[in-house]
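Participant: Let me begin by handing over the structure; questions about it come next.
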Amino acid sequence: MEILHTVAEMQTRADKMRTAGKTTAFVPTMGYLHEGHLSLLRIGKNNGDDLVLSIFVNPAQFGPNEDLASYPRSLETDLKLAEQEGVDAVFIPTDKALYQEGYQTYVQLDKLPGHLCGLSRPVFFKGIATVVTQLFNIVKPRVAVFGEKDFQQLAIIRQLVTDLKFDISILGGPIVREIDGLAMSSRNAYLKPEMRPAALSLSQALTMAQEMVHEGICATDVIVEKTKRHFAQHSSIEVDYISICDPSTLDGVAAVEQDSLMALAVNLDKIRLIDNRILKGKK
Ligand code: PAF
């Protein structure tokens, strides 16, 4: 497995792969790999003949009061896991390599960031769109894989690739859950055992909502109200949003008639947890 740190090294390798006719599949991450990431690597492996992983905790996507400094890191374990998954190359740039002295170009989308996580994290998607654009230009993949747990991020990347005419197929990987239903996330590492019941209330709320729709209760305000009451059982939970929306525009819907996205974000003693599910509508 190759480990590359500079933009020039990575671009030279990418050019060689293209000349050799290889299909590079790319999985960008911020490291601290878990089963969710590994599932994305497996999708990449099945959809290309060269697999590249990047590990970069992108400062541009963290706001001033967010957890950039404490974001969990574990490079040695990450490299072992990557090797086990058959990754061919790992790109680990420094902050300076991507945001060199005098850096001033940012990529911003008009509409999709104006929903869900974008409302409480104003710089988040600008930082993501910027770093992913850079990474695409450096790694030069044919295929890139992103997790559906970050549903809004995936929607934004698909839009970005369409708008900026990147010749890259974007694949989504289904959410991977712990046995008790908790969606896998690097931030789960912050959770103390006593926080588990509150953390589990996200996936429970999504299941509850789907059951309501099955029973014919489709009005968004009724489902949201029930979800709020479910979260209120845990005093440590501070709700950021409970949204039921159109999965392609992320605009809110009044009722679950078509398949709709239910997306949740809460802070649990300052730990941000998100989860989502497509609620199957009757139509
Ligand atoms: O999903 C992530 O881990 C990050 O947002 C990404 C796509 C690697 C960009 O920094």
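Just so we're aligned: the sequence shown equals residues 1 to 283 in my numbering. Each residue gets a CB set at the ideal place from its N, CA and C atoms; glycine is no exception. All of these numbers come straight from a predicted model, not from anything done at the bench.
Within a Cβ cutoff of 6 Å, which residues of the same chain sit near residue 183, ignoring the five residues on either side of it in sequence?
Facilitator: 149, 175, 177 and 275
Participant: Is it buried or exposed, residue 141, if we count other Cβ atoms within 10 angstroms and call 16 or more buried?
Facilitator: So residue 141 ends up on the buried side.
Participant: Does the Cβ-Cβ distance between residue 50 and residue 23 come in under 8 Å?
Facilitator: Yes.
Participant: For the region 264–278 against the region 231–240, do three or more pairs of beta-carbon atoms, one drawn from each stretch, fall closer than 8 Å, so that the two count as touching?
Facilitator: Segments in contact, yes.
Participant: Measure the C-alpha to C-alpha separation of residue 120 and residue 185 and round it to an integer number of angstroms.
Facilitator: 19 Å
Participant: Are the CB atoms of residue 29 and residue 53 within a distance shorter than 8 Å?
Facilitator: In this structure, residue 29 lies closer than 8 Å to residue 53 by Cβ.
Participant: For residue 115, which residues in the same chain have their Cβ closer than 6 Å to its Cβ, ignoring the five residues on either side in sequence?
Facilitator: Correct list, in chain order: 250.
Participant: Starting from the N-terminal side, write out each stretch of the beta strand (DSSP E) that is 3 residues or longer and does not extend beyond the region 5–59.
Facilitator: 24–29 and 50–55
Participant: Pick out every residue whose C-beta is nearer than 6 Å to a heavy atom of ligand 1: which are they, in chain order?
Facilitator: 28, 29, 30, 58, 61, 128, 131, 132, 150 and 153
Participant: Determine the contact status of residue 87 and residue 73, defining contact as a CB-CB distance below 8 Å.
Facilitator: no
Participant: Return the residue from the list 105, 13, 157 and 4 that minimises the CA-CA distance to residue 92.
Facilitator: 4
Participant: If contacts are defined as beta-carbon pairs under 8 Å, then residue 262 and residue 202 qualify, I think. What distance do you get, rounded to the angstrom?
Facilitator: No, residue 262 and residue 202 are not in contact; Cβ-Cβ is about 10 Å, not under 8 Å.
Participant: Starting from residue 275, follow its DSSP beta bridges and name the residues at the other end.
Facilitator: Beta-bridge pairing links residue 275 to 264.
Participant: Distance check for residue 107 and residue 124, CA to CA, integer angstroms please.
Facilitator: Rounded to whole angstroms, the separation of the alpha carbons of residue 107 and residue 124 is 11 Å.
Participant: List the residues that DSSP assigns as beta-bridge partners of residue 243.
Facilitator: 263
Participant: Report buried or exposed for residue 284, applying the criterion of at least 16 other Cβ atoms within 10 angstroms of its Cβ.
Facilitator: One cannot answer for residue 284 here, as it falls past the ends of the chain, which runs 1 to 283.
Participant: Enumerate, from N- to C-terminal direction, the unbroken beta strand (DSSP E) stretches of 3 or more residues contained entirely within the region 44–131.
Facilitator: Contiguous beta strand (DSSP E) elements confined to the region 44–131 occur at 50–55 and 89–91, taking only those with 3 or more residues.
Participant: Going by C-alpha distance, which of 191, 171 and 194 is nearest residue 45?
Facilitator: 171
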